[in-house]
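> After the structure tokens below, expect a handful of questions from me.
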Amino acid sequence: MKMNSRVLTGVAFAATGVLAGCGGGGGDGGGSATATLQLDPSGYGDQTASIRTLSDLDAAAVMYDDVAAIESFMSDVEFALGTTGMTAMAVAADQYCSEANGNLTITEEFTATRDYSEYQFDNCVVPNYGEYLLLDGTMSAEARYTDGGNGITLTESYDISGKLGVDEIPVGIVGRQSISVSGTSESDLNATITTPALEYLYGNQYVALRNSQINMVIKGDVLTLTMNSQLVGSAIDGYLSITTPTKITANMYETCPSSGHMRVAGDGKIDVRYGASTLQPGPAMEVILNDSTVEYYETCDAAGTPFLDAGLTGALSDPAVTADKTVALPTQ
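Below is the structure:
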């Protein structure tokens, strides 16, 4: 079993975002608020996000758009670096990122048990990107394989800054994230995603995971999820702590978990209980704001917050088992 590294960010943000959008899990949140954030433009990591009404969680959903924009940006960069030819721009040829120009260093090591790729940019312009994009810094991905290929630990590290477009808006990716996966197929997986801190800056859009650990287990059609995480961002003007006091259990092909308790905590809290875990028997989902206001829903669709969407299930299934791709860094 070999895993595409792009699954890392997708699964972690999908899981965290889905929980936040549904009204997520409890305790003290994603661990202590001590992980250092380097790109935070306005001290979002130092202030709890507002939770005064149920609609305050709508802002968390906006982070989906931020993540989508950032993921699209990363994919476009990778594609551009792997494209032959050159898009004409008002840039001197020796400013383009390439090994020949000495401003791009590529390190690759591949063995039976370890794959490693590293790209080091030295204030160079990404060719074929379509608009001006200056990058500086390093990104790397390492995959270590165990148990005859049925186990993998994949780590991605970023320390990238740059400028985009004629207005030279700031972009940056800083941090580290790892995933350990064991299993024999997409219906037999155990994945733990650990993120001390992983930050994205794209113009005025900022989003980060901090002190995050997410565990997902798939057995047949049943998925269980536990997490303890902080979601930081400009869209919520602060950070939310998202935890699962009771693990979430759901069928992969249904829109609502059969049981589980999640909590999203900011300056207030919202508890969401599902199925057999609801305090009042009957509803598929109950949402409790600050231990007082309660709403009941017969289905998660009725609440407008289906638990499982393509972001989570797709990220776990489609890229998880591939034969031809290990570390999805660009090829030069």
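Following my numbering, the numbering of the sequence shown begins with 35 at its first residue and continues without gaps.
Just so it is clear, CB atoms sit at the ideal spot from N, CA and C, and this is done for glycine as well.
Quick check on the burial criterion: 16 or more other C-beta atoms within 10 angstroms. Buried or exposed for Gly-217?
Here residue 217 refers to the residue found at position 183 when the sequence shown is read from its first residue. That one is buried.
> My parser needs the beta strand (DSSP E) runs of 3 or more residues fully inside the stretch 266-315; what are they?
Entirely contained in the stretch 266-315, the beta strand (DSSP E) runs reaching 3 residues are, in chain order, 272-285, 293-299 and 303-309.
> Could you spell out the range, first to last residue, of the beta strand (DSSP E) harbouring Arg-178?
Within the sequence shown, residue 178 is the residue found at index 144, counting from 1. Arg-178 -> beta strand (DSSP E) spans 167-180.
> Could you tell me the distance, in whole angstroms, from the CA atom of Ser-268 to the CA atom of Ile-194?
Stepping through the sequence shown from its first residue, residue 268 is reached at position 234. Stepping through the sequence shown from its first residue, residue 194 is reached at position 160. For Ser-268 and Ile-194, the distance between alpha carbons rounds to 20 Å.
> Is it a yes or a no for the stretch 322-335 touching the stretch 96-116, going by three-plus beta-carbon pairs under 8 Å?
Not touching, per the Cβ criterion.
> Taking 7 Å as the cut-off, decide whether the C-beta atoms of Thr-147 and Tyr-192 are in contact.
Locating residue 147 in the sequence shown gives position 113, where the first residue counts as 1. Locating residue 192 in the sequence shown gives position 158, where the first residue counts as 1. Not closer than 7 Å, so no.
> Kindly give me the distance between the Cβ atoms of Gly-196 and Gly-209, rounded to whole angstroms, as I take these residues to be in contact under 8 Å.
For the purposes of this step, residue 196 is taken as the residue at position 162 of the sequence shown. For the purposes of this step, residue 209 is taken as the residue at position 175 of the sequence shown. Contact doesn't hold; Cβ gap of about 15 Å is too wide.
> Using only CA atoms, which one of Val-256, Asn-249, Glu-165 and Gln-239 lies nearest to Val-266?
Looking up residue 266 in the sequence shown gives position 232. Of the candidates Val-256, Asn-249, Glu-165 and Gln-239, the one whose C-alpha sits nearest the C-alpha of Val-266 is Gln-239.
> Cutting at 8 Å between CB atoms, please list the residues of its own chain near Phe-341, excluding the five before and the five after it.
In the sequence shown, residue 341 corresponds to position 307, counting from 1. The pLDDT assigned to Phe-341 is 47, lower than 50, so where the model puts this residue is not dependable; a value taken from the coordinates is nonetheless given after this. Closer than 8 Å at Cβ, skipping near neighbours: Val-52, Cys-56, Ile-282, Ala-284, Thr-289, Cys-290, Pro-291, Tyr-308 and Cys-334.
> Which term fits Arg-297, buried or exposed, when burial requires 16 or more other beta carbons within 10 angstroms of its beta carbon?
Along the sequence shown, one-based indexing puts residue 297 at 263. With 16 or more Cβ atoms within 10 Å of its Cβ, Arg-297 is classed as buried.
> Taking Ile-85 and Asp-305 to be in contact with their CB atoms under 8 Å, please state how far apart those CB atoms are, rounded to whole angstroms.
Counting from 1 along the sequence shown, the entry for residue 85 is found at position 51. Counting from 1 along the sequence shown, the entry for residue 305 is found at position 271. The Cβ separation is near 11 Å, so there is no contact.
> What is the DSSP secondary structure of Asp-222, counted as helix, strand or coil?
As a working note, residue 222 is residue 188 in the sequence shown. Three-state DSSP puts Asp-222 in a strand.
> Please check if any C-beta of chain B sits within less than 7 Å of the C-beta of Ile-140.
As a matter of chain content, chain B is missing from the structure shown, which is built from one protein chain.
> Anyone know if the C-beta pair for Thr-187 and Ser-151 falls short of 7 Å?
Position 153 of the sequence shown, counted from the start, is the residue given in the question as residue 187. Position 117 of the sequence shown, counted from the start, is the residue given in the question as residue 151. Not closer than 7 Å, so no.
> Quick check: the Cα distance between Val-101 and Met-108, rounded to an integer number of angstroms?
Walking along the sequence shown from the start, residue 101 turns up at place 67. Walking along the sequence shown from the start, residue 108 turns up at place 74. Between Val-101 and Met-108, the C-alpha separation is close to 11 Å.
> Using the Cβ count rule (16 or more neighbours within 10 Å means buried), how would you classify Gly-60?
The sequence position of residue 60 within the sequence shown is 26, counting from 1. Note that Gly-60 scores a pLDDT of 36, beneath 50, so its modelled location is shaky; the value from the coordinates is reported in the next line. Gly-60 comes out buried.
> What number of angstroms, rounded off, separates the C-alpha of Leu-154 from the C-alpha of Ile-227?
Position 120 of the sequence shown, counting from 1, holds the residue named residue 154. Position 193 of the sequence shown, counting from 1, holds the residue named residue 227. It should be noted that the sequence gives Gln, not Leu, for residue 154. Distance between the alpha carbons of Gln-154 and Ile-227: 25 Å.
> How about Gly-185 and Ser-221: do their beta carbons lie closer than 7 Å?
Looking up residue 185 in the sequence shown gives position 151. Looking up residue 221 in the sequence shown gives position 187. In this structure, Ser-221 does not lie closer than 7 Å to Gly-185 by Cβ.
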